[in-house]
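Here's the structure we're looking at; comments come further down.
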Amino acid sequence: MNRKLTKRLLIGGVVIGAGGASYLLYRNIVKALSFQIKKSKIELVSKDGKKYKYKVYLKLSNPSNLKLKLTNQEYDIYLNNVFILRLKNDKTQVLQPKSVSELVFDLNLDLDDLFDKIMVATGATVIDKLKFITNLMSQKLRLDSKLSVKWGILPNIPVDVTIDQSLKAWTGK
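Numbering of the sequence shown is given in the numbering used here, commencing with residue 72 and proceeding in unit increments.
Structure below.
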């Protein structure tokens, strides 16, 4: 074979191999994030009138063999498809392989704003609100997660994960 053709084939093989390996690694990282999120605890930090500050602890399992770093996290919480609140954390947190890690968030709540959003989620009529109260544990709670994941020397990989369950399934009661 001619030297130019051999060189081009070699370079093409390296590029295709690196691209394929990167894709497989990306797929493994995304697969690693098929995690389960469970509530752990919520602590009241301070209270000022109708404004509350909490620390929220969530348990997140990493079923993979990869040690992952979450560099940015946003969790939007919806009740019956109505946006209620956002948990955000810009601190880097490590998810150890094949283990459960506890993640910590700051949550600031304005009770008036929260109650207004919950009133929208319950429905417009008195009958809607009564149905909401009597079937509280069957109401839908959705958690939309926007995560930036880092593994090794790779750049941050954006990963979106949605968990859509009833309040009963979410709380385990």
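Glycine residues also receive a C-beta, built at the ideal position from the N, C-alpha and C atoms. Please read all numbers here as calculations on a predicted model, not as lab measurements.
Here residue 160 is not near residue 171, since their CB atoms are 9 Å or more apart. A Cβ-Cβ distance of about 7 Å is found for the pair residue 146 and residue 157, placing them in contact under the 8 Å criterion. Under a 10 Å Cβ-count criterion, residue 216 is classified as buried, with 16 or more other Cβ atoms of the shown protein chains found around its own Cβ.
Listed in chain order, the non-local C-beta contacts of residue 127 below 7 Å within the same chain comprise 113, 158, 176, 178, local neighbours out to five positions each way being set aside. Three or more beta-carbon pairs separated by less than 8 Å link the region 121-136 to the region 179-194, which places the two stretches in contact. For residue 225, same chain residues with a beta-carbon under 6 Å away, outside a window of 5 residues either side, do not exist.
Taken through DSSP and simplified to helix, strand or coil, residue 193 comes out as helix. Under the three-state reduction of DSSP output, residue 233 falls in the strand class.
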